[in-house]
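Student: This note's numbering applies: residue 55 is where the sequence shown begins, and numbers increase by one. There's a structure below that I have some questions on.
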Amino acid sequence: KKLIIINGPNLNLLGKREPNIYGSLSFTEFLEKIKEKYPNVEIDYFQSNIEGEIIDKLHEVGFSFDGVILNAAAYTHTSVGIGDAVKAIETPVVEVHISNTFNREEFRHQSFISPNAKGVILGFGLQSYELAIQSFLD
Ligand code: DQA
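Printed below as a string of structure tokens:
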């Protein structure tokens, strides 16, 4: 299986950013552990703070990879463009969030990704990503 995790804006700061909400582990540390735990799964990683780069990456992987795990971060709530890209590609996309966006501010309750996602996993901290990986394994 060939999967990719795509992280949106500010997620490069994981570990340093609001650790009470997002935890104190950096994403690279987390990814190393995950790759060790799932040695038979190819897990690519891409992070960008730029909306168009996320769209370009979805186009690049979206017709050949087996799965996309997408945390579009703040763009989740604003980006019609990323939502359309998720709809345009063939590879199934699982939307993930570290925090439970429904017990936070109202503006985080809307997602342009969810209507076109295969499923949504949120609120489990970094474990949300692992659950998304598992959803692509049979
Ligand atoms: C987030 C939730 C978003 O509302 C927020 O803008 C983020 C991270 C999460 O993983 O909990 O940057 O996607």
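We put the CB at the ideal spot given by N, CA and C, even for glycine.
Classify residue 81: buried if its beta carbon has 16 or more other beta carbons within 10 angstroms, exposed otherwise.
Tutor: That one is buried.
Student: Taking only heavy atoms of ligand 1 into account, decide whether any of them is closer than 6 angstroms to the Cβ of residue 60.
Tutor: Every heavy atom of ligand 1 is 6 angstroms or more from the Cβ of residue 60, so no.
Student: Do residue 57 and residue 121 have their CB atoms nearer than 7 angstroms?
Tutor: For residue 57 and residue 121, yes; Cβs fall inside 7 angstroms.
Student: Can you find a heavy atom of ligand 1 that lies under 6 angstroms from the Cβ of residue 153?
Tutor: Yes - ligand 1 has a heavy atom lying nearer than 6 angstroms to the Cβ of residue 153.
Student: My assumption, with CB atoms under 8 angstroms, is that residue 62 sits in contact with residue 154. Please give the rounded CB distance.
Tutor: Rounded, the Cβ-Cβ distance is 17 angstroms, inconsistent with contact.
Student: Please state whether the Cβ-Cβ distance between residue 64 and residue 127 is less than 7 angstroms.
Tutor: Yes; because the gap between Cβ atoms is below 7 angstroms, this pair is in contact.
Student: Leaving out five residues before and five after residue 139 in sequence, what residues of the same chain have Cβ atoms less than 7 angstroms from its Cβ?
Tutor: Taken in chain order, the residues that qualify are 109, 112 and 113.
Student: Which residue from 167, 180, 104 and 95 puts its Cα closest to that of residue 69?
Tutor: With distances taken between Cα atoms, residue 69 lies closest to 180.
Student: Within 10 Å of its beta-carbon, does residue 101 have 16 or more other beta-carbons around it, so buried, or fewer, so exposed?
Tutor: Counting Cβ neighbours within 10 Å, residue 101 comes out buried, since at least 16 surround it.
Student: Would residue 150 and residue 123 qualify as a contact pair, given that the criterion is a beta-carbon distance under 7 angstroms?
Tutor: Contact flag set, yes.
Student: Does DSSP classify residue 121 as helix, strand or coil?
Tutor: Strand at residue 121.
Student: Applying the 10 Å Cβ sphere with the 16-neighbour rule, what's the burial state of residue 119?
Tutor: Answer is buried; the Cβ neighbour count reaches 16.
Student: Where residue 163 and residue 190 are concerned, what is the direct C-alpha to C-alpha distance, given to the nearest angstrom?
Tutor: So the alpha carbons of these two residues sit roughly 25 angstroms apart.
Student: Could you check if residue 64 belongs to the surroundings of ligand 1, using beta carbon to heavy atom distance under 6 angstroms?
Tutor: Yes.
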